[in-house]
Amino acid sequence: QVQLVESGGGLVQAGGSLRLSCVASGRRFSYYRMAWLRQAPGKERESVASISSGGSTNYSDHVKGRFTISRDNVKNMVTLQMNSLKPEDTAVYYCAGSGGGLKYDYWGQGTQVTVSS
Numbered sequence: 025q026v027q028l029v030e031s032g033g034g035l036v037q038a039g040g041s042l043r044l045s046c047v048a049s050g051r052r053f054s055y056y057r058m059a060w061l062r063q064a065p066g067k068e069r070e071s072v073a074s075i076s077s078g079g080s081t082n083y084s085d086h087v088k089g090r091f092t093i094s095r096d097n098v099k100n101m102v103t104l105q106m107n108s109l110k111p112e113d114t115a116v117y118y119c120a121g122s123g124g125g126l127k128y129d130y131w132g133q134g135t136q137v138t139v140s141s
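Using this note's numbering, you'd call the opening residue of the sequence shown number 25 and step up by one each time.
This is the structure we're talking about:
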């Protein structure tokens, strides 16, 4: 069983930056597609960014140019650097991993990001 543990959320003013980290247990991390998703109050969960096992990245149009996802397969870690934060980025952010296929098999507990105006 893979466990994902997130850290790095918090309160920041609009225009500021935060860095989220997610550490995975297990030996097969390098094979997983990893992603960050978020869910704001009253809204559905949405994908923010993903990174393949080979390092290819995809971003939501809402965050493209402001957020950067990266991974370190030695440390079993995936990070999300968030710059130029906006109040609409306020949400609970989840780290997720997929061993294959479209669905995510593993989820972190979520970390709150709040951006004040």
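Using N, Cα and C, we set each Cβ at its ideal position, and we do this for glycine too.
Determine the direct distance from the alpha carbon of residue j to that of residue i, and round the result to whole angstroms.
i	j	result
R95	G33	18 angstroms
Y130	N82	19 angstroms
Q27	R51	11 angstroms
M58	S108	23 angstroms
I75	Y55	11 angstroms
G89	M106	10 angstroms
C46	S122	14 angstroms
F91	L104	7 angstroms
C119	V137	13 angstroms
V36	S141	9 angstroms
L44	E112	17 angstroms
Tell me whether residue i is buried or exposed, calling it buried when 16 or more other Cβ atoms sit within 10 Å of its Cβ.
i	result
E68	exposed
E30	buried
V102	buried
A38	exposed
G132	buried
Start and end of the beta strand (DSSP E) containing residue i?
i	result
T114	No beta strand (DSSP E) contains T114, which DSSP labels as neither H nor E.
R90	Taken as a continuous stretch (DSSP letters only), R90 belongs to no beta strand (DSSP E), as it is neither H nor E.
G34	G34 to Q37
To which residues does DSSP link residue i through a beta bridge?
i	result
Y83	A73
R95	V102
S45	S31 and T103
According to DSSP, is residue i helix, strand or coil?
i	result
Y130	strand
S54	helix
R63	Per the sequence presented here, residue 63 reads as Gln, with Arg not at that position. Three-state result, Q63: strand.
S141	coil
Q27	coil
S122	strand
Could one say the Cβ of residue i lies closer than 8 angstroms to chain D's Cβ atoms, at least one of them?
i	result
M101	Here chain D cannot be found, since the structure has a single protein chain.
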